[in-house]
Structure formats: C-alpha cells, structure tokens
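Protein sequences appear in the order of chains A and B.
Under this note's numbering, think of the first position of the first sequence as 1, with each following residue one higher.
Under this note's numbering, think of the first position of the second sequence as 1, with each following residue one higher.
The beta-carbon is built from N, C-alpha and C at its ideal position, and this holds for glycine as well.
The structure appears below as structure tokens.
There are 2 protein chains.
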Amino acid sequence: MNTQDHRIRSSSGQAVERLRELIFSGQLGAGSDHLESELAESLGMSRTPVREALLVLEGQGLVDVRPRKGVRIKPLSPVDMAEIYDVLTELESLAAANAAREGYSADDLQQLEHTINLMDSALEENDRGAWARADDAFHAELVQLGRNSRVEAIAQMMSDQVRRARLVTLHMRPVPNRSNEDHRAVLDAIAAGDADTAARVHREHRTAAKKVIVDLLETHHLSSV
Amino acid sequence: MNTQDHRIRSSSGQAVERLRELIFSGQLGAGSDHLESELAESLGMSRTPVREALLVLEGQGLVDVRPRKGVRIKPLSPVDMAEIYDVLTELESLAAANAAREGYSADDLQQLEHTINLMDSALEENDRGAWARADDAFHAELVQLGRNSRVEAIAQMMSDQVRRARLVTLHMRPVPNRSNEDHRAVLDAIAAGDADTAARVHREHRTAAKKVIVDLLETHHLSSV
DNA sequence: GCATAATTTAATGTATACATTAATGGATGA
DNA sequence: TCATCCATTAATGTATACATTAAATTATGC
C-alpha cells in the first residue's frame, strides 16, 4: 500500500508483510497474544523493525499493542463485522456511482467482467477458495474504478480485517449463487453510466451480504473470530 | 485515539501529540521536509520515539516518510480535498441515518443542539475561529451518535487532514450562514427518527460544502495547502 | 491466615552505536 | 567539455544495551 515496489528491502517492510501473512493464514490466531521478542526471533530480526511493523499493523486495525501484555491479534465480534460491512457498503457504493460517472468504455471494464466470469466458474466447480479470491478481486477492482485513493485505502483496510474471519465462515455459509447476478447488475449500470442504479444495486448487494455473515456468526455463537 | 487517558507518559505518545500540534498550527508547513534528527532534537528526545510517532502519523495520512529526503508534511491538492469530502459525506450521512434509528431522546441530543447554538453565536459575533471549532464539534458529535467506531475513527482522520487547510481557507470563504439551517434540519430528522431525511439532508450539506472549498482552492490557484 | 507492602522479574520504552544506502561531488577518461 | 565512475557523506535502518514500569511473588505485619 505504501512503500516498496516488488522486493521488500527493509526488515521493517518485510516484517509488515510476513506478519500480515501469518495473520491472514491463521497462524497467528484471532485473540492470541505475542511478545515482541518472540515475533522478532521467529522473523529472524531484532525487536526494532518488529516494533515498527506492529505500529503499522495497529494503524491498519489488525493488532492491538497492549503494553506488558503482548500484542493481540485483534478479534472480530459480530458487532465489529457489522461496522466493517457498513463502511464497505457506503464507500463501495460511492465508488460504483463514481465509476459510472467516469464513462468507462467496454474495454475499460473488461477486467471487471473477466473477474465476474472467474466467480461463475468457481461456483460451477464449487471451489469456494477460488470464489473468495475472485470476490476480493471484484471488490478491489470496483473500488479502483471509482478513482478515489482514500476510498481505495480504507476499503482495502476493511477487507483485510474481514479476510481472516472468512477462514472460519467460508465453508459454513450457503453457496453465494445470488452474488453474481448482483455483480453483473453493478457492472451493467456502470457501463450504462447510471450512477444511481450502480450505487443502489451495490448497496443492496452488500447489505444482504452483511446480514448473511452477521447472522451466521450469531447463530454459531462465534462471539469473536 | 488509541493509547493514553490524560497524561501522555511515553515519549512516543508525546511525540505524536506534539507533532500533530505543530502540523495543525502550521509551524510545520504543508509540503515542508524535516529530518528525523532535527525533529528529535526540537522535541528533546532521541530518534527512536520520533520514528515511531512518524509511522503513526503516516498511517493517519498526515506525513509521507521518504527515505533520505526527510519526512514531508503532506500537502493537500484540490483533488485530495474532493476525495476527503466525498468520504466524509458518505460516512457522516451513514452516521446521521444510524443516529436517527437509535431513537435518541431530546435529552440525548441536547449536546448536539448546544453545539449548534454555539455556532449561531459565533456567526453573530463574526468569530470564524469559534465557528470552526464548533463546526468540528458538531460533526464529531454527529458521528458519535451513529455508533460505529470505525466510522468515527475514519471521519476523525479525514477531518484532521482537512483542518490544516482551513488555516488558509477560513478567512477567504463566505460567511457560512446557510450551514446552521442544515445542521438543525439534520438534528430534527434524527430527533424524529427519520433516517432517510437525516442522511439526505446531511449529504446535501456536505456536498455543498465540498463545492465551496474546492472552488475556493481552484479559484485562488492553491494547488496545495 | 489474610491483607498489604516491598522485592523481584519480565516485559516494553528509549538512547545510542553501528550498518547500510542513496545522493552528492569530484576525478578521470575520452 | 561532457559523461561516467568512484569516493565521500549524510541520511535512514537496525541491533543492542540500558531505563522504566507494571505485574507477580514473596515477605511481613496484624
């Protein structure tokens, strides 16, 4: 998001990247506590770059630094999830509306259409992992089309926070058949330059998704993931 | 936003607070570059806590850390300002809608009404500084009523980024007479539990404000503030 | 035996020395 | 004269030693 191009040179940057991987893969589980010195040792570097990385990750909402109690991988409650989905709903709908106003050509929107096709294939093959990755890509691409770098950054942060929770929920929820109709409707509205429809359809899409996830967490008594 | 209650104990926390003051007061001007060692000396501490503070401030969008070129106090272009206002418009309107749904009593809303009254007085006395502070307070209180901690945090960050620019624009723009009608209309809609109206009125309010500010910057050829 | 206070301990917070790196300026060559 | 390469330098990046602090544990008084 901020620093290097391809090869992360600084230890600090490496620490951010590797800690993110450990968090998203679940190796650093939600709610677990970790000492700076342990993390430093496991990453093969001194505490200094690890501390700097932890400050960055705290700013991204992924960890809580709690003096003398270790850094906690931030757990997400159903309330947190609802908050995050509400933010995503608003900002992505704004992005959809702005995208529609940009007057993109069919060619400009090819990538987004391709991503929707990927989701279709994933659904047919019942490959939920592939579907999730394509869904992430769809939302990221949509937001990019809105051309607001702050919206992009915030949406990315919120998506990151949700990603870990999906490790748990992905195989519990119903197959998201409905989703792709919504995605295509948003794409069509953008292509037609209809900002209101793009925003409205996307808003409904996200609102429905929020309900599915939050209900799922509450039904299964997952007070934090 | 994150750590201490009243007395900042750690140097790192002090550095964040004091650097923020220096930025918002204009003593560290937009676009200016500064060495870590200079900042450390002027704050009377070593580089370590200053570096940590700069990482936090970078996360808040207030500075850019550019290796070997010093940290730059992030300047805002008219495009940046438009982006920020768009984010604020969406999230505050969401907050207004959610506030309306909370079913607050007149008593709960007393603080917000008081703040609007403060703005009225400030306008009568033509005290733009007081008006600006009350306007900040209004928006902060509104967002709090929406009960979404992430919306609060993001709105705060965006407001912070705008605050420095207002040093320049505050005395250039027309007296914001219209503003308070809007504020009262939002308050009334919240009190009436009318979420759609609250969101719509607030959206129109912010959209108008965005236009005033962006036009002002462009008219005066302020490519960055 | 229980509560409170003092001591110990284990973690974070800070300073500093050192390593690394990219920009600068100068020398060397064509 | 100009371009390229090398050396210098000045900044950031990292490791480490040390200071500080809050929690845990033990000791002490009642």
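Inset, instruction - Express the C-alpha separation of residue 200 (chain A) and residue 100 (chain A) in angstroms, rounding to a whole number. - result: 12 Å
Legend entry - Positions along the region 15–47 of chain B whose CB lies within less than 9 Å of some CB in chain A: none
Inset, instruction - State the Cα-Cα distance for the pair residue 166 (chain B) and residue 60 (chain B), rounded to the nearest angstrom. - result: 18 Å
Inset, instruction - Look up residue 64 (chain B) in the DSSP assignment and give the residues it is bridged to. - result: B:72
Inset, instruction - Provide the residue(s) that pair with residue 80 (chain A) in DSSP beta bridges, ordered along the chain. - result: The partner list for residue 80 (chain A) (beta bridge, DSSP) is empty, contrary to what the question assumes.
Inset, instruction - Would you kindly work out how many angstroms separate the C-alpha atoms of residue 87 (chain A) and residue 155 (chain B), rounded to a whole number? - result: 11 Å
Inset, instruction - Taking 8 Å as the threshold, find out whether the region 30–43 of chain A comes into contact with the region 64–71 of chain A through three or more Cβ pairs. - result: yes
Inset, instruction - Output the boundary residues of the alpha helix (DSSP H) element that contains residue 45 (chain A). - result: It is not in any alpha helix (DSSP H) - residue 45 (chain A) carries neither H nor E in the DSSP assignment.
Inset, instruction - Determine the chain B residues that contact residue 154 (chain A) at a beta-carbon separation under 8 Å, and present them in chain order. - result: 87 and 154
Inset, instruction - In angstroms with no decimal places, state the Cα-to-Cα distance between residue 142 (chain A) and residue 196 (chain A). - result: 15 Å
Inset, instruction - List the whole-angstrom C-beta distance separating residue 96 (chain A) from residue 202 (chain A), where the pair is believed to meet the contact cut-off of C-beta under 8 Å. - result: 4 Å
Legend entry - Check whether residue 24 (chain B) and residue 206 (chain B) have beta carbons under 7 Å apart: no
Legend entry - Residues of the region 145–179 of chain A whose Cβ lies closer than 8 Å to any Cβ of chain B, in chain order: 148, 149, 150, 151, 154 and 158
Legend entry - One or two residues paired with residue 235 (chain A) in a DSSP bridge: This structure leaves residue 235 (chain A) out entirely; chain A is present only between 1 and 225.
Inset, instruction - Compare the C-beta of residue 13 (chain B) against all C-beta atoms of chain A and say whether one is closer than 7 Å. - result: no
Inset, instruction - Quick one: grab the DSSP three-state call for residue 34 (chain A). - result: strand
Legend entry - Residues in the region 88–110 of chain A having any Cβ partner in chain B nearer than 7 Å: 90, 91 and 94
Legend entry - Residues near residue 48 (chain B) in its chain [Cβ-Cβ closer than 7 Å; skip 5 each side]: none
Legend entry - Proximal residues to residue 20 (chain B) (C-beta, below 6 Å), its chain only, five neighbours per side dropped: none
Inset, instruction - Could you check if residue 119 (chain B) is buried or exposed, using at least 16 other CB atoms within 10 Å of its CB as the buried criterion? - result: buried
Legend entry - 7 Å CB neighbourhood of residue 283 (chain A) in its chain, flanking five on each side removed: Absent from the structure is residue 283 (chain A), since the part of chain A shown begins at 1 and ends at 225.
Legend entry - Chain-order list of residues whose beta-carbon lies under 7 Å from that of residue 43 (chain B) (same chain, five-residue window excluded): 15, 18 and 50
Inset, instruction - Give the interface partners of residue 56 (chain A) over in chain B, defined as CB-CB distance under 7 Å, in chain order. - result: 55 and 59
Inset, instruction - Keeping to the same chain, check which residues put their C-beta closer than 8 Å to that of residue 157 (chain B); ignore five residues upstream and five downstream. - result: 60 and 61
Legend entry - Which of helix, strand or coil DSSP assigns to residue 117 (chain B): helix
Legend entry - Cross-chain neighbours of residue 84 (chain A) in chain B, by beta carbon under 8 Å: 150
Inset, instruction - Could you tell me how far apart the beta carbons of residue 90 (chain A) and residue 91 (chain B) are, in whole angstroms, since I believe they sit closer than 8 Å? - result: 6 Å
Inset, instruction - Spatial neighbours of residue 183 (chain A) within its chain, please: CB distance less than 8 Å, with the 5 preceding and 5 following residues excluded, ordered by chain position. - result: 116, 119, 138 and 205
Inset, instruction - For residue 32 (chain A), I'd like the list of residues in its chain whose CB is within less than 6 Å of its CB, leaving aside the five on either flank, ordered along the chain. - result: 73
Inset, instruction - Check the Cβ of residue 52 (chain B) against every Cβ in chain A and list those closer than 9 Å, keeping chain order. - result: 51, 52 and 55
Inset, instruction - For residue 198 (chain A), count neighbouring Cβ atoms within 10 angstroms of its own Cβ and tell me buried if that reaches 16, exposed if not. - result: buried
Legend entry - residue 102 (chain A) versus A:193, A:219 and A:209, residue with shortest Cα-Cα distance: A:193
Inset, instruction - Look up residue 187 (chain A) in the DSSP assignment and say whether it is helix, strand or coil. - result: helix
Inset, instruction - Would you mind stating whether residue 225 (chain A) and residue 162 (chain A) have Cβ atoms separated by less than 7 Å? - result: no
Inset, instruction - Note down, in chain order, each residue of its chain lying with its Cβ closer than 8 Å to the Cβ of residue 75 (chain A), except the 5 sequence neighbours on either side. - result: 30, 31, 224 and 225
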